[in-house]
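With the working numbering, the residue at position 157 of the sequence shown is 188, and numbering never jumps.
Don't be surprised by glycine CBs; every beta carbon is placed ideally from N, CA and C.
Quick caveat, the model's predicted, so the values are computed rather than measured.
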Amino acid sequence: MAPSPTSWLLGPAEGAAEQRLFCFPHAGSGASAFAAWRTHLPQGIGLYAVQLPARENRLGDPMPDSVEELARQAARALGPLLGPSYTLFGHSFGGLLAYALASELRALGHPLPRALLISSTRPPHLPDDALHTLPDAELLGRLREAGGVPEPLLHHKEFVSRLLVTLRTDLRLAAEYRPAPDPLPCPVRIFGAREDRVVPPDCLDGWREYADGDFGVHVGVGDLFTAITSSVPPHPRPPGPRAGSSAGAPSSQGDLRP
């Protein structure tokens, strides 16, 4: 039996929200990464924290073998929940999935999102670091360097063992995801951080190939996890010369908060 649409969400679906913000987590993580945002969003915006298979409360659900299949499953589950106006946000691995989902939703005849927000995500056509091929000890070392997981948890063998399985799978799917660009005619905002050594800011303009029109890159202070450890999500600036400029240079926006 296929999981119900609500099994793809952590917490209640906020059906009365005028704007629905669907959030997709980074590699190895789950929807709980966005739990703190629920109480900090402006009135009228509902948080839909998407829970992927094979983690947290969906540990028993198998992970699909490609980003494309994951997007197809997510589209079938989340399509009925989109509402009249929605935004997609994805961080790192979640950014790839958010883009793939937007493409899949368009193919199925759904309205495009009000905006596609992608944070700390390497454009899919650029070379990948193949982190999923590293031995456990080296992969764990990279994870520790990047931050994002409390250090005490990294000393619990059972937690680390489960985390590495999920992380390695997500990283492999990301490395193998090489779609032909499908430029989306909706606002696309790319967020990065100056101290991010995993996804350097100078690669982010490569996402321009996947946008058809309103496109902007916003680079702020912080590292790989700044966007999701802030109390509020990155916020797209209104369309204008700075946000939608075709000059190709990332803009400096101070931090990633609204």
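Check, Outcome
"Would C234 and H122 be called neighbours here (beta carbons separated by less than 9 angstroms)?", "no"
"Touch check for the segment 136 to 146 and the segment 183 to 193: three-plus C-beta pairs under 8 angstroms?", "no"
"Would DSSP call L165 helix, strand or coil?", "coil"
"Could you pull out every residue in the same chain whose Cβ sits closer than 7 angstroms to the Cβ of L162, ignoring the five residues on either side in sequence?", "L170, R173 and L202"
"Check for me: the beta strand (DSSP E) holding Q50 runs from which residue to which?", "Q50 to F55"
"Would you give the residue range spanned by the beta strand (DSSP E) that L119 belongs to?", "Y117 to H122"
"Starting from the Cα of L119, find the closest Cα among G61, L148 and G91 and give me that residue.", "L148"
"By alpha-carbon positions, which one of P218, P231 and L165 ends up nearest to R199?", "L165"
"Quick one: which unbroken beta strand (DSSP E) runs of 3-plus residues sit fully inside the segment 135 to 163? Chain order, please.", "146 to 150"
"So which of P93, A58, G125 and R69 has the shortest CA-CA distance to L313?", "The question about residue 313 has no answer, for the chain in this structure spans 32 to 289."
"Return the CA-CA distance between G251 and V229, expressed in angstroms with no decimal places.", "15 angstroms"
"Which complete beta strand (DSSP E) runs does the segment 58 to 122 hold, if anything under 3 residues is left out?", "76 to 80 and 117 to 122"
"Between the C-alpha atoms of V219 and Y241, what's the straight-line distance to the nearest angstrom?", "9 angstroms"
"Under 8 angstroms: do the segment 174 to 191 and the segment 71 to 83 share three or more Cβ pairs, one atom per stretch?", "no"
"Report yes or no: do the segment 126 to 136 and the segment 58 to 73 share at least 3 C-beta pairs separated by less than 8 angstroms?", "no"
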